[in-house]
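Below you'll find the structure, written out as structure tokens, and then a few comments.
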Amino acid sequence: QRAGTAKPCPRADRTMLESVYSWLDSRRPLATELYVIAPEYVPVGVTAAVELVDSNQRDAVLDMVSEVIRRHLWPLAPGGPDGQGWPLGRALDDRLIETAIARVPGVRSVAPVRLFQRSTRGRNWVPVAEDRTGRGLITLSPWQLPELAMLSVGVGSTSSTSLPPGAEGAGSGAGGLAIPVVPELC
108 QRAGTAKPCP RADRTMLESV YSWLDSRRPL ATELYVIAPE YVPVGVTAAV ELVDSNQRDA
168 VLDMVSEVIR RHLWPLAPGG PDGQGWPLGR ALDDRLIETA IARVPGVRSV APVRLFQRST
228 RGRNWVPVAE DRTGRGLITL SPWQLPELAM LSVGVGSTSS TSLPPGAEGA GSGAGGLAIP
288 VVPELC
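Numbered according to this note's numbering, the sequence shown spans residues 108 to 293.
Structure representation (structure tokens):
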């Protein structure tokens, strides 16, 4: 992994939240309540497969594909779909990941990307159901961001239909509950 998109995704600590709150509090309109919370990260898994232009470049191309996926899902600039970081609450769309992969030099074609979410017990990866158009979407709430916790990239005409169970990406389990910074005086 390259610097800048290595796990875990950046998380705001209490000091950061209090600093942001203090800065915003002095600028908020009277009679307005202000709450500052950190984003909630939703662990996601991705499998992808590509056909190569030159099989001698296999490792280099697969590394670039992995990095493009990480960068595409990264919450800060220069990551995200538009280079501005992943927008809060934006749905995760398998087709946009396929488009990003298709731009990698050395990739001839891209197999349909598969998205995964954690099971309700949080141990296994469950494939995301496709909608009626055949699209895999993970909808996120306005305070949520995706965190790439599991990635499988290979060569071929089909992406893997499963991911192994196991530990999430470092730090993924942290911050399941958003706690706002509440002012001392009400």
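Here a beta-carbon is modelled for each residue, glycine too, at the ideal position from N, C-alpha and C. Here the structure is a predicted model, which is why all the values come from computation and not from measurement.
Item	Value
For Ser266, does the count of other Cβ atoms within 10 angstroms reach 16, so buried, or fall short, so exposed?	buried
Could you give the distance in angstroms between the alpha-carbon of Ser264 and the alpha-carbon of Thr154?	12 Å
Is DSSP giving Tyr128 helix, strand or coil here?	helix
Using only alpha-carbon positions, find the residue among Thr227, Arg228, Glu205 and Leu183 that is nearest to Val217.	Glu205
Buried or exposed: where does Val260 fall if 16 or more other Cβ atoms within 10 Å of its Cβ makes it buried?	buried
In angstroms with no decimal places, state the Cα-to-Cα distance between Asp166 and Ala209.	16 Å
What residue range is occupied by the uninterrupted beta strand (DSSP E) comprising Val175?	Unbroken run through Val175 is the alpha helix (DSSP H), Arg165 to Leu180; no beta strand (DSSP E).
Our contact map puts Gly152 next to Asp201 with C-beta atoms below 8 Å; I'd like the distance itself, whole angstroms only.	The Cβ separation is near 12 Å, so there is no contact.
Could you tell me which of Ala145, Leu137 and Glu140 sits nearest to Val126, measuring between CA atoms?	Reading off the sequence, residue 126 comes out as Ser, not Val. Comparing Cα positions, the closest option is Ala145.
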